[in-house]
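A.B. asks:
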Amino acid sequence: YGTKLVGGVTPGKGGQTHLGLPVFNTVKGAVRETRAEASIVFVPPPFAADSIMEAADAGIKLCVCITDGIPSQDMMRVKRYMRRYRFEDRMRLVGPNCAGVITPGQALMGIMPGSIYLPGRVGIVGRSGTLGYEAASQMK
Numbered sequence: 007y008g009t010k011l012v013g014g015v016t017p018g019k020g021g022q023t024h025l026g027l028p029v030f031n032t033v034k035g036a037v038r039e040t041r042a043e044a045s046i047v048f049v050p051p052p053f054a055a056d057s058i059m060e061a062a063d064a065g066i067k068l069c070v071c072i073t074d075g076i077p078s079q080d081m082m083r084v085k086r087y088m089r090r091y092r093f094e095d096r097m098r099l100v101g102p103n104c105a106g107v108i109t110p111g112q113a114l115m116g117i118m119p120g121s122i123y124l125p126g127r128v129g130i131v132g133r134s135g136t137l138g139y140e141a142a143s144q145m146k
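Count along the sequence shown starting at 1, add 6, and that's the number in the numbering used here.
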């Protein structure tokens, strides 16, 4: 879609490749080697909070968390954890349980169908991916 993918992270799989991209054991290792600035989290709920905090510690600037069903207590822990960083240095977190972020025709970080969005001056922000998709398709 135009988004430049630079690698993936799976503990214990570092050094391998997947779809022609390098796999790293840690987010910190991925950032060091690729200079990644953004991360998208697709992990089971019990591991999501730690994945988000790992991204923050690695210097990621934007993290999109697709994972649904993360316990509220885990996300409260993430929020408290993020306060250790100065506001201007703090990672931006979109999610959890979101469809992602898109700039039509330029970049997509998420799971939404890029074909239904058009460039323009209107942005859509919502809690429901499906309703967001419907709103976008109605604006065509």
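Using N, Cα and C, we set each Cβ at its ideal position, and we do this for glycine too.
Given V107, which residues of its chain have a CB within under 7 Å of its CB, disregarding the five upstream and five downstream residues?
C.D. replies: Taken in chain order, the residues that qualify are V70, V100, M115 and G116.
A.B. asks: Would you mind listing the alpha helix (DSSP H) stretches within the stretch 38 to 106 that are 4+ residues and don't spill past its ends, in chain order?
C.D. replies: If we require 4 residues or more, the alpha helix (DSSP H) runs fully inside the stretch 38 to 106 come out as 51 to 63 and 78 to 88.
A.B. asks: Can you tell me whether T136 is buried or exposed? The criterion is at least 16 other CB atoms within 10 Å of its CB, across all chains shown.
C.D. replies: With fewer than 16 other Cβ atoms within 10 Å, it is exposed.
A.B. asks: Given G18, which residues of its chain have a CB within under 6 Å of its CB, disregarding the five upstream and five downstream residues?
C.D. replies: So no residue of the chain qualifies.
A.B. asks: At which residues does the alpha helix (DSSP H) containing G135 begin and terminate?
C.D. replies: Element bounds for G135: G135 to Q144.
A.B. asks: Residues in its own chain within less than 8 Å of A44 by CB, not counting five upstream and five downstream?
C.D. replies: Result list for A44: I66, K67, L68, C69, V70 and M115, in chain order.
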